[in-house]
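**Student:**
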Ligand code: HEM
Ligand SMILES: [Cu+2]
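Residue numbers (my numbering), protein chains in the order written: chain A, 802 to 917; chain B, 35 to 647.
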């Protein structure tokens with residue numbers, strides 16, 4: 802209760818500490834690496850569709866897989882889901898995924914022409 | 035706003051603008067009780083029609099409307115809001131918080147629910163209520179129904195948004211606002227079950243929203259998701275509805291389980307047996323609840339493998355449910371059981387709910403389901419779980435928390451008469467319906483023929499319904515005659531959890547000082563291991579409170595108005611829809627740009643309150 806009156810949107814002043822600097826540098830490196838990696842993945846996705854060498858039956862699941870990897874990277878590297886204090890966000894997101902995947906998968910099967 | 039200004043509002047304005055979780059809780063309870071009475075009245079009318087074969091008390095169309103409105107009202111406008119009322123009032127107190135995480139959104143959730151409910155019920159006066167059952171299966175609801183279904187779609191969409199907001203609010207509250215020392219595994223079971231039910235709301239309601247949206251697009255803009263002649267598929271609606279619908283029944287029952295856990299442990303004077311198993315079972319039920327929706331569709335023709343998988347998954351839910359039942363029994367074993375009215379409801383719940391669970395497993399046997407489906411057997415099943423579980427839970431919770439919420443105890447003698455009459459009436463009404471179903475009486479019929487052996491049991495069933503109706507009136511009478519018993523102690527039941535540490539009536543800021551929690555059943559721990567008072571986790575100081583706001587009402591009214599524009603779109607009133615949306619978004623805009631820092635209750639006031647008690 803003590804600290805009301807502080808404006809959380811006020812600009813930061815002063816120099817960052819050594820530790821913070823090192824942390825920021827490290828984060829910059831991870832972000833650059835995963836950015837390059839993600840561009841690489843996107844290129845592969847394009848190539849796998851553009852070139853006729855890869856059959857469609859393989860290409861579609863393949864680019865879906867690449868998409869999933871990209872989503873995870875996006876969430877963890879760029880949207881900071883990997884940082885401490887995000888346990889609940891992680892738990893809820895993965896619970897949602899855990900519920901949505903079987904639901905959507907079985908729904909697709911159940912609505913298909915083939916009856917099981 | 036200053037403290038003095040906040041205190042000087044007129045009563046009506048205060049209730050309209052309040053963001054206090056306690057007042058919002060009470061409004062949920064009052065509105066929910068009103069809709070409960072309305073839904074009950076609709077049920078009695080239906081039972082009168084079914085009292086005799088080929089009766090002509092109600093025209094068949096009216097019967098269908100009553101049937102639809104009864105189910106929809108009871109689930110969305112009575113059971114859920116009443117549970118939300120209890121959660122709103124009790125959960126922040128149980129975790130030692132001063133309010134929910136987002137008081138403004140809390141109020142918005144309530145008003146959305148209320149205006150959605152009013153919209154739905156106005157259909158009675160404008161061209162007839164919805165008549166396609168609470169499940170609103172297409173194509174009945176898309177191609178063969180009148181404006182009633184538009185009211186259904188838009189009413190549920192609006193109140194559903196309110197529910198979703200409420201659920202998210204509870205999640206954030208429970209995650210972020212627990213008092214120091216209250217780890218997740220020290221939370222009272224009612225808070226735990228609120229948490230799991232809110233998660234279910236978060237993941238299940240979107241399916242309903244999408245289903246209703248598709249139905250709306252189909253009806254209003256001529257989309258063809260469900261139109262077979264245009265390549266659509268009617269079964270999609272059933273899936274979407276039940277992907278929402280089965281978790282929904284657990285959204286209702288889990289909080290009731292939580293209430294019973296509190297009541298049984300308080301009135302057995304024992305710690306809840308197997309606390310962590312109870313938490314685990316709750317989580318497991320919540321998770322499995324998403325994996326069984328197709329058990330409502332065994333006869334649709336999904337195929338034998340699909341049916342078997344969903345049958346097995348459904349039966350699996352009986353395991354964690356059984357764990358809970360045994361834990362309640364073990365909690366009572368060796369305890370000093372007090373037969374208060376609240377505890378009677380808990381004791382009545384156990385056998386009643388087990389019967390509903392047994393018929394559930396029978397229904398889940400997919401081969402046998404071809405015989406049971408769409409007969410009165412299903413009606414008997416879900417009333418055993420919903421009345422025997424949810425409604426008994428609500429009444430038990432009402433008797434238990436009444437002194438906390440309203441500052442007086444309900445009369446125990448009248449309460450017991452009410453309990454026995456209600457329980458007896460309930461079994462009388464629904465027990466015979468199992469046999470009506472097995473004899474082949476289909477559900478959702480407005481009448482039946484003479485000479486088929488259905489007469490006697492239908493008559494008995496109606497008598498039971500009358501008994502429940504009279505019992506409910508006794509409950510309402512009890513509320514008024516008991517007002518004279520002022521309860522001055524904040525802890526009338528020798529309680530175990532934080533909500534009983536507060537003086538009565540509950541002060542606006544709940545806790546003068548945030549308590550420090552040292553064990554499960556925090557208060558009990560202090561009573562027997564400490565000095566009987568909670569340790570404080572902070573010094574006494576000014577308390578920051580949020581300002582009230584009328585904007586939630588305006589936002590909800592905007593949506594309410596715009597619904598009429600959509601419903602009567604063919605009469606060239608689409609501008610009404612635009613006007614309504616403009617009101618809503620205008621109010622949201624005002625909310626976004628207006629700075630609102632709340633106010634402080636000065637420490638002298640709090641000291642006064644403490645001295646005054
Ligand atoms: C062991 C637990 C349960 C099992 C195995 C079970 C199983 C089933 C099955 C298989 C059906 C479909 C019957 C049919 O239409 O042919 C059904 C219907 C229903 N159940 Fe349950 N159930 C269980 C618990 C519950 C609970 C706890 C509730 C509510 C609080 C509930 C509420 C309903 C409702 C409302 C319906 C009817 C929906 C409708 O068609 O309008 N059930 N149940
Ligand atoms: Cu179900």
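Beta carbons: idealized from backbone N, C-alpha and C, even for Gly. All values reported here derive from a predicted model rather than from experimental measurement.
Just how far apart, CA to CA, sit residue 370/B and residue 304/B?
**Tutor:** Locating residue 370/B in the second chain gives position 336, where the first residue counts as 1. Locating residue 304/B in the second chain gives position 270, where the first residue counts as 1. Roughly 8 Å separates the two Cα atoms.
**Student:** Using the three-state DSSP reduction, which class does residue 603/B fall into: helix, strand or coil?
**Tutor:** Your numbering for residue 603/B matches position 569 in the second chain. In the structure shown, residue 603/B sits in a helix (DSSP, three-state: H, G or I).
**Student:** Would you kindly report the start and end of the unbroken alpha helix (DSSP H) that includes residue 584/B?
**Tutor:** Counting from one through the second chain, the residue named residue 584/B turns up at place 550. From DSSP, residue 584/B is part of no alpha helix (DSSP H); its letter is neither H nor E.
**Student:** Taking beta-carbon pairs under 9 Å, can you tell me which members of the region 875–908 of chain A lie near chain B?
**Tutor:** The residues in question are 889, 893, 896, 897, 899, 900, 901, 903, 904, 907, 908.
**Student:** Just how far apart, CA to CA, sit residue 394/B and residue 105/B?
**Tutor:** Locating residue 394/B in the second chain gives position 360, counting from the first residue. Locating residue 105/B in the second chain gives position 71, counting from the first residue. Roughly 19 Å separates the two Cα atoms.
**Student:** By the criterion of Cβ-Cβ separation under 8 Å, what are the contact partners of residue 339/B in chain A?
**Tutor:** Position 305 of the second chain, counted from the start, is the residue given in the question as residue 339/B. In chain order: 917.
**Student:** Would you say residue 428/B lies against chain A (beta-carbon separation less than 7 Å)?
**Tutor:** Here residue 428/B refers to the residue found at position 394 when the second chain is read from its first residue. Not one chain A Cβ lies under 7 Å of residue 428/B.
**Student:** Any heavy atom of ligand 2 closer than 6 Å to the beta-carbon of residue 280/B?
**Tutor:** Locating residue 280/B in the second chain gives position 246, counting from the first residue. Residue 280/B Cβ: within cutoff of ligand 2.
**Student:** Go through its chain and collect everything with a Cβ distance to residue 205/B's Cβ below 8 Å, but skip five positions before and after it.
**Tutor:** Here residue 205/B corresponds to residue number 171 of the second chain, with the count starting at 1. So the list reads 229, 232, 233, 236, once near-sequence residues are dropped.
**Student:** Could you give the uninterrupted runs of the alpha helix (DSSP H) lying entirely in the region 99–169 of chain B, keeping only those of 4 residues or more?
**Tutor:** Correct list: 114–128, 137–156.
**Student:** Does the separation of the CB atoms of residue 115/B and residue 147/B fall below 7 Å?
**Tutor:** Along the second chain, one-based indexing puts residue 115/B at 81. Along the second chain, one-based indexing puts residue 147/B at 113. The answer is yes: Cβ separation under 7 Å.
**Student:** Name the residue from 346/B, 220/B, 291/B whose alpha carbon lies nearest to the alpha carbon of residue 360/B.
**Tutor:** Taking the first residue of the second chain as position 1, residue 360/B is located at position 326. Measuring from the Cα of residue 360/B, the nearest candidate turns out to be 291/B.
**Student:** From 417/B, 552/B, 125/B, pick the residue whose C-alpha is nearest to that of residue 439/B; which is it?
**Tutor:** The residue given as residue 439/B occupies position 405 in the second chain. Minimum Cα distance to residue 439/B is reached at 125/B.
**Student:** When the Cα of residue 629/B is compared with those of 608/B, 103/B, 583/B, 603/B, which residue comes out closest?
**Tutor:** Taking the second chain and counting its residues from 1, the one referred to as residue 629/B is at position 595. Here the closest residue by C-alpha is 583/B.
**Student:** Thinking just about the alpha-carbon of each residue, which of 166/B, 130/B, 93/B, 201/B is nearest to the one in residue 141/B?
**Tutor:** As a working note, residue 141/B is residue 107 in the second chain. Of the candidates 166/B, 130/B, 93/B, 201/B, the one whose C-alpha sits nearest the C-alpha of residue 141/B is 201/B.
**Student:** Are there three or more Cβ pairs, one per stretch, closer than 8 Å when the region 370–388 of chain B is compared with the region 327–339 of chain B?
**Tutor:** Touching, no.
**Student:** Quick one: does residue 598/B have its CB under 7 Å from some CB of chain A?
**Tutor:** Here residue 598/B refers to the residue found at position 564 of the second chain. So, not an interface residue.
**Student:** Output, in chain order, the set of chain B residues within a Cβ distance shorter than 8 Å of residue 833/A.
**Tutor:** Translated into positions along the first chain, residue 833/A becomes position 32. Within chain B, no residue comes near residue 833/A; the closest Cβ sits about 34 Å away, beyond 8 Å.
**Student:** Pair every Cβ in the region 588–596 of chain B with every Cβ in the region 241–249 of chain B, then say whether three or more of these pairs are closer than 8 Å.
**Tutor:** Touching, no, given that fewer than three Cβ pairs across the two stretches are closer than 8 Å.
**Student:** Answer with buried or exposed for residue 456/B, where buried requires no fewer than 16 other C-beta atoms within 10 angstroms of its C-beta.
**Tutor:** Numbered from 1 along the second chain, position 422 holds the residue referred to as residue 456/B. Buried, by the Cβ-count rule.
**Student:** Any beta carbon of chain A sitting closer than 7 Å to that of residue 349/B?
**Tutor:** Within the second chain, the letter at position 315 stands for residue 349/B. False, the Cβ-Cβ gap to chain A never drops below 7 Å.
**Student:** Could you please give me the residues that DSSP links to residue 569/B through a beta bridge?
**Tutor:** Locating residue 569/B in the second chain gives position 535, counting from the first residue. In the DSSP output, where bridge partners are listed per residue, residue 569/B has 550/B.
**Student:** When you compare the CB of residue 653/B with every CB in chain A, is at least one pair closer than 7 Å?
**Tutor:** With chain B covering 35 to 647 only, the question about residue 653/B has no answer from this structure.
**Student:** Check this for me: beta carbons of residue 601/B and residue 243/B, under 7 Å apart or not?
**Tutor:** Along the second chain, read from residue 1 onward, the residue named residue 601/B stands at position 567. Along the second chain, read from residue 1 onward, the residue named residue 243/B stands at position 209. Not in contact: residue 601/B and residue 243/B (Cβ atoms no closer than 7 Å).
**Student:** Taking a contact to mean a Cβ-Cβ separation below 7 Å, would you say residue 400/B touches residue 345/B in this structure?
**Tutor:** Residue numbering aside, residue 400/B sits at position 366 when the second chain is read from its first letter. Residue numbering aside, residue 345/B sits at position 311 when the second chain is read from its first letter. In contact: residue 400/B and residue 345/B (Cβ atoms closer than 7 Å).
**Student:** Can you tell me whether residue 187/B is buried or exposed? The criterion is at least 16 other CB atoms within 10 Å of its CB, across all chains shown.
**Tutor:** Position 153 of the second chain, counted from the first residue, corresponds to residue 187/B. So residue 187/B counts as buried.
**Student:** Got a sec: is the Cβ-Cβ distance from residue 280/B to anything in chain A below 7 Å?
**Tutor:** Here residue 280/B corresponds to residue number 246 of the second chain, with the count starting at 1. Not an interface residue.
**Student:** Any idea what DSSP makes of residue 850/A, helix, strand or coil?
**Tutor:** Reading the first chain from its first residue, position 49 is the one you call residue 850/A. DSSP places residue 850/A in helix when its eight states are reduced to three.
**Student:** Among 426/B, 436/B, 391/B, which one has its Cα closest to the Cα of residue 414/B?
**Tutor:** In the second chain, residue 414/B corresponds to position 380, counting from 1. Of the candidates 426/B, 436/B, 391/B, the one whose C-alpha sits nearest the C-alpha of residue 414/B is 391/B.
**Student:** Which stretch, first to last residue, makes up the alpha helix (DSSP H) that contains residue 577/B?
**Tutor:** If you number the second chain from 1, residue 577/B lands on position 543. Run containing residue 577/B: none in the alpha helix (DSSP H); it sits in the beta strand (DSSP E), 577–579.
**Student:** Would residue 336/B pass as an interface residue toward chain A - the criterion being a Cβ-Cβ separation below 7 Å?
**Tutor:** Along the second chain, one-based indexing puts residue 336/B at 302. So yes, residue 336/B belongs to the interface.
**Student:** On the three-pair Cβ rule with 8 Å, is the region 425–438 of chain B touching the region 488–501 of chain B?
**Tutor:** Result no; under three Cβ-Cβ pairs closer than 8 Å.
**Student:** Taking just the CA atoms, how far does residue 321/B sit from residue 350/B?
**Tutor:** What you label residue 350/B is simply residue 316 of the second chain in a count that begins at 1. What you label residue 321/B is simply residue 287 of the second chain in a count that begins at 1. Cα to Cα, residue 350/B sits roughly 11 Å from residue 321/B.
**Student:** Rounded to whole angstroms, what is the Cα-Cα separation between residue 561/B and residue 567/B?
**Tutor:** Residue mapping note: residue 561/B aligns to position 527 of the second chain, counting from 1. Residue mapping note: residue 567/B aligns to position 533 of the second chain, counting from 1. Taking the straight line joining both Cα atoms gives about 7 Å.
**Student:** When the Cα of residue 850/A is compared with those of 860/A, 871/A, 916/A, 816/A, which residue comes out closest?
**Tutor:** Residue numbering aside, residue 850/A sits at position 49 when the first chain is read from its first letter. Closest by alpha carbon: 860/A.
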